[in-house]
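Trainee: For the protein sequence lines, the chains are A and B, in the order given.
If you read the first sequence in this note's numbering, its first letter stands for residue 2, the second for the next number, and so on.
If you read the second sequence in this note's numbering, its first letter stands for residue 3, the second for the next number, and so on.
Just passing along the structure, written as structure tokens.
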Amino acid sequence: MGLKAKDLLTMEQLTPEEIELILHTAKEMKFIIKRDIKKVPTLRGKTFITLFYEPSTRTRTSFELAGKYMSADVVNISTAVSSVTKGESLKDTGLTLEMMGCDIVVIRHSMAGAPQLLAQNLKARVINGGDGFHAHPTQALLDMYTIKEKLGGFRGLKVAIIGDILHSRVARSNLQGLKKMGAEVWFCGPPTLLPKGLEQMDVKVTTNMEEALRGAHVVMMLRIQLERQKAGLFPSIREYSQLYGLNKERLKLADKDALVLHPGPINRGVEIAAEVADSVQSVINEQVTNGVAVRMALLYLMLGTKGE
Amino acid sequence: MEYILQNGLVIDPQNNLEKELDIHIRDGVIAEVGTGLSSPQARVLDLRGRIVAPGFIDMHVHLREPGGEAHETILTGCRAAVAGGFTAVADMPNTKPCADNEGVVELVLARSRAVGLARVYPIGTISKGQKGEEISEIGNLFNAGIVAISDDGKPVVNSEVMRHALKYAQIFNLPVISHCEDPYLTENAQMHEGYWSTQLGLKGIPAEAEEIMVARDILLAKLTGGRLHLAHVSTRGSVELLRFARQQGIQVTAEATPHHILLTDAEVAGYNTSTKVNPPLRSEEDVQAVREAVLDGTITCLASDHAPWSQEEKEQEYAKAPNGISGLETAVPVCWDTLVVKGGMKPQDFIARFTAGPARVLNLTTGISPGLPADLTVIDPQLVKKVEVSKFYSKGKNSPLDGRVFQGWPVLTVVQGKIVMQDGMVIGGREQDA
Chain A
2 MGLKAKDLLT
12 MEQLTPEEIE
22 LILHTAKEMK
32 FIIKRDIKKV
42 PTLRGKTFIT
52 LFYEPSTRTR
62 TSFELAGKYM
72 SADVVNISTA
82 VSSVTKGESL
92 KDTGLTLEMM
102 GCDIVVIRHS
112 MAGAPQLLAQ
122 NLKARVINGG
132 DGFHAHPTQA
142 LLDMYTIKEK
152 LGGFRGLKVA
162 IIGDILHSRV
172 ARSNLQGLKK
182 MGAEVWFCGP
192 PTLLPKGLEQ
202 MDVKVTTNME
212 EALRGAHVVM
222 MLRIQLERQK
232 AGLFPSIREY
242 SQLYGLNKER
252 LKLADKDALV
262 LHPGPINRGV
272 EIAAEVADSV
282 QSVINEQVTN
292 GVAVRMALLY
302 LMLGTKGE
Chain B
3 MEYILQNGLV
13 IDPQNNLEKE
23 LDIHIRDGVI
33 AEVGTGLSSP
43 QARVLDLRGR
53 IVAPGFIDMH
63 VHLREPGGEA
73 HETILTGCRA
83 AVAGGFTAVA
93 DMPNTKPCAD
103 NEGVVELVLA
113 RSRAVGLARV
123 YPIGTISKGQ
133 KGEEISEIGN
143 LFNAGIVAIS
153 DDGKPVVNSE
163 VMRHALKYAQ
173 IFNLPVISHC
183 EDPYLTENAQ
193 MHEGYWSTQL
203 GLKGIPAEAE
213 EIMVARDILL
223 AKLTGGRLHL
233 AHVSTRGSVE
243 LLRFARQQGI
253 QVTAEATPHH
263 ILLTDAEVAG
273 YNTSTKVNPP
283 LRSEEDVQAV
293 REAVLDGTIT
303 CLASDHAPWS
313 QEEKEQEYAK
323 APNGISGLET
333 AVPVCWDTLV
343 VKGGMKPQDF
353 IARFTAGPAR
363 VLNLTTGISP
373 GLPADLTVID
383 PQLVKKVEVS
393 KFYSKGKNSP
403 LDGRVFQGWP
413 VLTVVQGKIV
423 MQDGMVIGGR
433 EQDA
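Here it is as structure tokens:
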């Protein structure tokens, strides 16, 4: 049993069973990462390309290691040093890679829908490594893995996602995934960073951080970008931090065993205080390990089980 | 060539005519309208069951020449026009260079005459270089042959410049066609703001970005007494402002596009860049309001906003792809199907939106009566056909309607007494480069 669709573009497309399968497989994969010799031959002879149109350390390295731990041949393309700087279109770049024989491409792009465009033009499988404000399914899956590992499941959980919801693909993908698994999701941020149309989605929305935190089992803090302040969406980092920063005092409003997540990279002292980021409730570093496990699981399910 | 168009249902809103009649065409003009007409030299076409209307005018198209020949030329655009049942088009000035000087206007007129299909009425820019800073030499443009001024594609942000344009254009009785958009509310934005923009992660354009400018321009029309025409109205709020202006007796007209009376922002799901257009596809509520306004006559014109793009321009990331829908060859069936078949609109009112409505705005002649140029559009109201973009005469295959089926297609286009389209096939049109 693998995944139904050719590509992984959004959380929307996955069934609860598929999500369970990915999380279950990731658990197996995590054992490999913990080993001394971190290598299995599962994907030997498979070629895997990371195509990144946006800077990224975490996601790209995580995918690269996931491929390497499973013996796939991994090629990393960063567009800053590729033909893209010569004006090659996304379609042509994709076709070129396919002609070289790649089996799977993970794409990160600043423009929403770019993975869809690539997927429509390729026979190779495509994984969305984050597109614009649209979707970041592998991040949602690793967040969900982390939550499940620590709390056992999703049903009945209150998950508060706090920060720049408007520009967050992480928030959108987590909402879709967590709702499917039965969690209650809250979005919280300044009104200027909450998008329109949330009332038509199954999410609780508040601009009051205390309300979002009260009784929450999971607190997911989002990174705030300085450029949003420059665009006038909030007056200053200082005020943002005062209103929407997570500190020890505020965290007490949440469930006493609440987990603190952050997709990284974190702005210490801005959206999250150092004392919280480094506390026992914080699983931010474990999210990174889990990210590799989840991506190994996806590569396995999308490549390793072909033909079964 | 002489023709007698026999037994068609002649509908001419200009003369409030709706009757089964024959039309005798001779020397490019309508010689006679009546019953039982005959002439030994004339070729007779039996149009029983068809509707014969004055030539349809598409008052908002982008023929792209000069400068954008990869996307459309005057030749291909005029073929698309007559294929779509239009005998005349008004050509927007945002070419490269733009029509802020007589040279470009003369080029468009000369080339369209050489092509010899649809009539092309050039529109001049409001401001030099469409920069919105200084008004163009509107008098010189008028003398060269423009029928309106517009900075379409861009708003005139500076209210003082818009005020001057509305005032100055009155010397020549020219309408000012406004592209209403507050650019600060649309910066880097890709689609209508709402549920779907949030779902798809694309930056949204609120309806208010249009409405703020509609309100401003209506007030400037009141201030100046100028003739304001609102291009591509797309929101409920704009429609309400338009009604307010009418009640106040302010001179303002408006047009709606086929896509804004049919398609909603839900079409963007899947990131098909053919759905990317400015103003964007709006909410269901907006679509209904605009449709309602066309039905009740608040909006007196339908126009395609034909904006052809080459495949490579549209085959990009959604945010990179340019705005626009190739609309000339689908405008009539989309509107007929939506408004007449499904909306219960009277055919005469429908025809007025493509004839008397735009003719009044652009100071053009329309009608079916002896002595007028024989510009006619014939519609088969029963014909059901599928849109196939690959068969478009236009170079722009960028239509979100590919594969959809509509009822009510143009089957004959006559320009100056010449049949230039019959049963969807374009006849004539001089070949030229590109």
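Glycine included, C-beta positions come from ideal geometry on N, C-alpha and C.
For a contact meaning CB atoms closer than 7 Å, what does F134/A contact in chain B?
Mentor: Taking the first residue of the first sequence as position 1, residue 134/A is located at position 133. The answer, in chain order, is G203.
Trainee: Does chain B have any CB closer than 8 Å to the CB of K197/A?
Mentor: Translated into the one-based positions of the first sequence, residue 197/A becomes position 196. For K197/A, the answer is yes, since a Cβ of chain B falls inside 8 Å of its Cβ.
Trainee: May I have the straight-line CA-CA distance separating V235/B from H110/A, to the nearest angstrom?
Mentor: Walking along the second sequence from the start, residue 235/B turns up at place 233. Walking along the first sequence from the start, residue 110/A turns up at place 109. Roughly 33 Å separates the two Cα atoms.
Trainee: Does the beta-carbon of K5/A have 16 or more other beta-carbons within 10 angstroms, so that it is buried, or is it exposed?
Mentor: Reading the first sequence from its first residue, position 4 is the one you call residue 5/A. When all chains shown are included, K5/A counts as exposed.
Trainee: List the residues of chain B whose Cβ lies closer than 9 Å to the Cβ of R110/A, in chain order.
Mentor: Reading the first sequence from its first residue, position 109 is the one you call residue 110/A. It should be pointed out that residue 110/A corresponds to His in this sequence rather than to Arg. Near H110/A (Cβ distances below 9 Å), the residues of chain B are E319.
Trainee: Tell me the residue span of the beta strand (DSSP E) that contains I27/B.
Mentor: To locate residue 27/B, count along the second sequence from 1; it is residue 25. Element bounds for I27/B: 19-28.
Trainee: Please check the pair P196/A and L167/A, which I expect to be a contact at CB under 8 Å, by giving their CB distance rounded to whole angstroms.
Mentor: Counting from one through the first sequence, the residue named residue 196/A turns up at place 195. Counting from one through the first sequence, the residue named residue 167/A turns up at place 166. Contact holds; Cβ gap of about 5 Å.
Trainee: Whose Cβ in chain B lies nearer than 9 Å to the Cβ of R173/A?
Mentor: Working through the first sequence from its first residue, we reach residue 173/A at position 172. Going along chain B in sequence order, the residues near R173/A (Cβ under 9 Å) are T200, Q201, G203.
Trainee: CB-CB under 7 Å to S72/A, same chain, minus the five flanking residues each way: which ones, in chain order?
Mentor: By 1-based counting over the first sequence, the position of residue 72/A is 71. So the list reads K40, V41, P42, T43, L44, R45, once near-sequence residues are dropped.
Trainee: Could you check whether the Cβ of S280/A sits closer than 7 Å to any heavy atom belonging to the ligand COA?
Mentor: With respect to small molecules bound, the structure shown includes none, and the ligand COA cannot be examined in it.
Trainee: Residues of chain A with a CB under 8 Å from the CB of K322/B: which are they?
Mentor: For this step, residue 322/B is matched to residue 320 along the second sequence. Correct list: M112.
Trainee: Which whole-angstrom value describes the C-beta separation of S180/B and A247/B, a residue pair presumed to lie in contact below a C-beta threshold of 8 Å?
Mentor: Your numbering for residue 180/B matches position 178 in the second sequence. Your numbering for residue 247/B matches position 245 in the second sequence. Not confirmed; about 12 Å, so no contact.
Trainee: Give me the DSSP bridge partner(s) of E185/A.
Mentor: Within the first sequence, residue 185/A is the residue found at index 184, counting from 1. For E185/A, which the question treats as bridged, DSSP gives the partners K159/A.
Trainee: From what residue to what residue does the beta strand (DSSP E) around F352/B run?
Mentor: By 1-based counting over the second sequence, the position of residue 352/B is 350. Counting along the chain, F352/B falls outside any beta strand (DSSP E), though it belongs to the alpha helix (DSSP H) covering 349-356.
Trainee: Leaving out the 5 sequence neighbours to the left and right, which residues in its chain are closer than 7 Å to H194/B when beta-carbon positions are compared?
Mentor: Mapped onto the second sequence, residue 194/B falls at position 192. Once the five neighbours on either side are set aside, the close Cβ partners of H194/B are G206, I207, D267, P282, L283, R284, S285.
Trainee: At the 8 Å Cβ level, is I170/A part of the contact set with chain B, yes or no?
Mentor: In the first sequence, counting from the first residue as 1, residue 170/A sits at position 169. Sequence check: residue 170/A is Arg here, not Ile. At least one chain B Cβ lies under 8 Å of R170/A.
Trainee: Beta-carbon within less than 6 Å of I173/B's beta-carbon, same chain only, minus the 5 sequence neighbours each way: which residues are those?
Mentor: Walking along the second sequence from the start, residue 173/B turns up at place 171. Closer than 6 Å at the Cβ level, and outside the excluded window around I173/B, lies no residue.
Trainee: Going along the stretch 183-195 of chain B in order, which residues come within less than 7 Å of chain A, judged by CB to CB distance?
Mentor: Cβ contacts with chain A come from E195.
Trainee: With I225/A and G164/A assumed to form a contact (beta carbons below 8 Å), what rounded beta-carbon distance in angstroms separates them?
Mentor: Sequence index remark: in the first sequence, residue 225/A carries index 224 (1-based). Sequence index remark: in the first sequence, residue 164/A carries index 163 (1-based). Yes, they are in contact, since the Cβ atoms of I225/A and G164/A sit about 6 Å apart, within 8 Å.
Trainee: Kindly say whether A81/A, judged by its beta-carbon, lies nearer than 8 Å to any beta-carbon of chain B.
Mentor: In the first sequence, residue 81/A corresponds to position 80, counting from 1. Chain B contact via Cβ: absent.
Trainee: Touching or not, the stretch 141-156 of chain B and the stretch 86-103 of chain B, by the rule of three or more beta carbon pairs under 8 Å?
Mentor: Verdict: yes, contact present.
Trainee: Can the beta-carbon of T439/B be found closer than 8 Å to that of E135/B?
Mentor: It is not possible to answer for residue 439/B, since the shown part of chain B is limited to 3 through 436.
Trainee: Among the residues of its own chain, which have a CB less than 6 Å from the CB of R45/B, if the five just before and after it don't count?
Mentor: Indexing the second sequence from 1 puts residue 45/B at position 43. Around R45/B: Y5.
Trainee: Can you tell me which of E257/B, V428/B, K224/B, E183/B puts its alpha carbon nearest to the alpha carbon of V417/B?
Mentor: On the second sequence, residue 417/B is found 415 positions in, with the first residue counted as 1. Ranking E257/B, V428/B, K224/B, E183/B by Cα distance to V417/B puts V428/B first.
Trainee: Give every residue of the same chain whose Cβ lies closer than 8 Å to the Cβ of L364/B, excluding the five residues on either side of it in the sequence, and list them in chain order.
Mentor: In the second sequence, residue 364/B corresponds to position 362, counting from 1. For L364/B, where only same-chain residues beyond five positions count, the Cβ hits under 8 Å are I59, M61, A92, Y123, V149, A150, P177.
Trainee: Let me see if you follow: with CB-CB separation under 8 Å, is K1/A close to chain B or not?
Mentor: Residue 1/A lies beyond the range of chain A shown here (2 to 309); nothing can be said about it.
Trainee: Tell me whether S129/B sits in a helix, a strand or coil according to DSSP, three-state version.
Mentor: For this step, residue 129/B is matched to residue 127 along the second sequence. S129/B: strand per DSSP, three-state reduction.
Trainee: Enumerate, from N- to C-terminal direction, the unbroken alpha helix (DSSP H) stretches of 4 or more residues contained entirely within the stretch 264-307 of chain B.
Mentor: Qualifying alpha helix (DSSP H) stretches, in chain order: 286-298.
Trainee: Kindly list, in the order they appear in chain A, the residues whose Cβ is closer than 9 Å to that of G405/B.
Mentor: What you label residue 405/B is simply residue 403 of the second sequence in a count that begins at 1. Simply none; closest approach about 16 Å.
Trainee: Here's the rule I'm using: 16 or more other beta-carbon atoms within 10 Å means buried, otherwise exposed. How should L225/B be labelled?
Mentor: Taking the second sequence and counting its residues from 1, one reaches residue 225/B at position 223. Flag for L225/B reads exposed.
Trainee: If you follow the beta strand (DSSP E) that R45/A is part of, which residue opens it and which one closes it?
Mentor: The count along the first sequence starts at 1 and reaches residue 45/A at position 44. Element bounds for R45/A: n/a, residue is neither H nor E.
Trainee: Only counting the same chain, and skipping five residues up and downstream in sequence, which positions put a Cβ closer than 6 Å to that of P310/B?
Mentor: Translated into the one-based positions of the second sequence, residue 310/B becomes position 308. The answer, listed in chain order, is H73, E74, S328, S396, K397, G398.
Trainee: Can you pull the chain E residues whose beta carbon is under 7 Å from the beta carbon of A115/A, in chain order?
Mentor: Absence of chain E from the displayed structure is noted, the protein chains being A and B.
Trainee: Rounded to the nearest angstrom, how far is the Cβ of D158/A from that of E211/A, given a contact under 8 Å?
Mentor: Reading the first sequence from its first residue, position 157 is the one you call residue 158/A. Reading the first sequence from its first residue, position 210 is the one you call residue 211/A. Sequence inspection shows Leu at residue 158/A; the Asp mentioned does not correspond to that position. Wrong, their Cβ atoms sit about 19 Å apart, outside the cutoff.
Trainee: Using the three-state DSSP reduction, which class does T207/A fall into: helix, strand or coil?
Mentor: In the first sequence, counting from the first residue as 1, residue 207/A sits at position 206. Three-state DSSP puts T207/A in a strand.
Trainee: Tell me the residue span of the beta strand (DSSP E) that contains L232/B.
Mentor: Indexing the second sequence from 1 puts residue 232/B at position 230. Per DSSP, L232/B belongs to the beta strand (DSSP E) from 230-232.
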